[in-house]
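In mature numbering (1 follows the signal peptide of the UniProt record, and there is no 0), the protein residues as written are -21 to -1, 1 to 118.
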């Protein structure tokens, strides 16, 4: 019983560490703040499936002037990953499927690239990601 409580505490603490991450999503034209193309994320390194917790942070412009001249990068704090998971999990079963993940965006326009990106996260090929997997896995 104590071991189960300890494991639950550790899992909760791990999930909480992911809720304070910034998310690096491109604007509506798929441009990042530095003017580069972002599919699907604008992270400097690998990001989780919601473009949060990116290794190295988000790609940004060199100056505020050029940032305002371009379409700005959407940097979101706090519970963004949890909200994104809940919004994407259309049937509320706690499992994010490919169709649920791809539906909110226009990623379906490039089906092959979208499927390949999904496979980077669903490397087990089971067809869904749990909330924990969605937050932890980076590609």
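Just so it is clear, CB atoms sit at the ideal spot from N, CA and C, and this is done for glycine as well. None of these values were measured; they are calculated from a predicted model.
Legend entry - Burial state of residue 64 (16 or more Cβ within 10 Å): buried
Inset, instruction - State buried or exposed for residue 98, treating a residue as buried only when at least 16 other CB atoms are found within 10 Å of its CB. - result: exposed
Legend entry - Segments of 4+ residues assigned as alpha helix (DSSP H) that fall wholly inside the region 5 to 49: 43 to 48
Legend entry - Length of the line joining the Cα atoms of residue 45 and residue 106: Because the pLDDT of residue 45 is 40, which lies under 50, any placement of that residue in the model is unreliable, and the question is left without a value.
Legend entry - Buried versus exposed, by CB contacts within 10 Å (16 or more), residue 18: exposed
Inset, instruction - With DSSP as the reference, please indicate the residues paired to residue 74 in a beta bridge. - result: 109
Inset, instruction - Let me know the secondary structure DSSP gives residue -10 once reduced to three states. - result: Here residue -10 scores only 43 on pLDDT, less than 50, and its place in the model is too uncertain to base an answer on.
Inset, instruction - Could you check if residue 90 is buried or exposed, using at least 16 other CB atoms within 10 Å of its CB as the buried criterion? - result: exposed
Inset, instruction - Express the C-alpha separation of residue 37 and residue 110 in angstroms, rounding to a whole number. - result: 22 angstroms
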